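Everything in the sequence shown is counted per UniProt numbering, starting at 1 for the first residue and increasing by one.
The beta carbon of each residue, even a glycine, is placed where N, CA and C say it ideally should be.
All figures in this text were calculated on a predicted structure; none of them were measured in a lab.
Have a look at the structure below, then the notes.
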Amino acid sequence: MLFYSIIVVITAVDQLTKYWIRSVMTVGESMPFYKDFISFTYYQNSGAAGSSLQGWAPVLGVLAVLIVAGIWWYRKKGGFPGTLKQSAAAFLVGGAIGNGIERLLFGKVTDFIVFNSGNGIMNLADIAINLGVVLYVVDMLLLQRGRWKGNGKNPQIS
Numbered sequence: 001m002l003f004y005s006i007i008v009v010i011t012a013v014d015q016l017t018k019y020w021i022r023s024v025m026t027v028g029e030s031m032p033f034y035k036d037f038i039s040f041t042y043y044q045n046s047g048a049a050g051s052s053l054q055g056w057a058p059v060l061g062v063l064a065v066l067i068v069a070g071i072w073w074y075r076k077k078g079g080f081p082g083t084l085k086q087s088a089a090a091f092l093v094g095g096a097i098g099n100g101i102e103r104l105l106f107g108k109v110t111d112f113i114v115f116n117s118g119n120g121i122m123n124l125a126d127i128a129i130n131l132g133v134v135l136y137v138v139d140m141l142l143l144q145r146g147r148w149k150g151n152g153k154n155p156q157i158s
């Protein structure tokens, strides 16, 4: 149930925030949001991360559908055991659906979140995908830590 709840929340909040940005801002417009940490700048990206693959939105939309289908299939076969892996997969699926919807319907994705550290422009689906990857890596590290025995100098796998 947690898996589906995360997907629904991520997808809904992502779509609502993108709709809001498109409703209140014009492309290229910026506004501060939280002190000097985050601002909103409305940008339309017809490609992938870092504005790579511009114009490939339909292909990336189909790829998102295939990724979501693959994760669902793998989960149905017993993949992603444990709450952390289930959550990681759900964040990935929610993010892929959020961006996939826009790519397939509009041929571009609404980006608007700018971290003033200069690390690009994102949306909530992008953040969910990143969080899903982080959760999966944390799960792998915890699993690996549980397998190692010894003093760390000469570890043995149990």
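{"query": "Between the CA atoms of residue 26 and residue 96 - distance to the nearest angstrom", "result": "25 Å"}
{"query": "Range covered by the alpha helix (DSSP H) that runs through residue 58", "result": "57–76"}
{"query": "Stretch pair the stretch 85–94 + the stretch 132–141: three plus CB contacts closer than 8 Å", "result": "yes"}
{"query": "Option nearest residue 139 by Cα separation, candidates 80, 117, 107", "result": "80"}
{"query": "Cα-Cα separation between residue 22 and residue 13, rounded to whole angstroms", "result": "14 Å"}
{"query": "Any non-hydrogen atom of the ligand GDP closer than 7 Å to residue 118 Cβ", "result": "With respect to small molecules bound, the structure shown includes none, and the ligand GDP cannot be examined in it."}
{"query": "Residue nearest to residue 18 in terms of C-alpha spacing, selected from 72, 67, 103, 66", "result": "103"}
{"query": "Given residue 45 as reference, the closest of 57, 6, 76, 37 once Cα atoms are compared", "result": "57"}
{"query": "Start-to-end residues for the beta strand (DSSP E) that takes in residue 111", "result": "109–115"}
{"query": "Reduced DSSP secondary structure (H/G/I, E/B, other) of residue 26", "result": "coil"}
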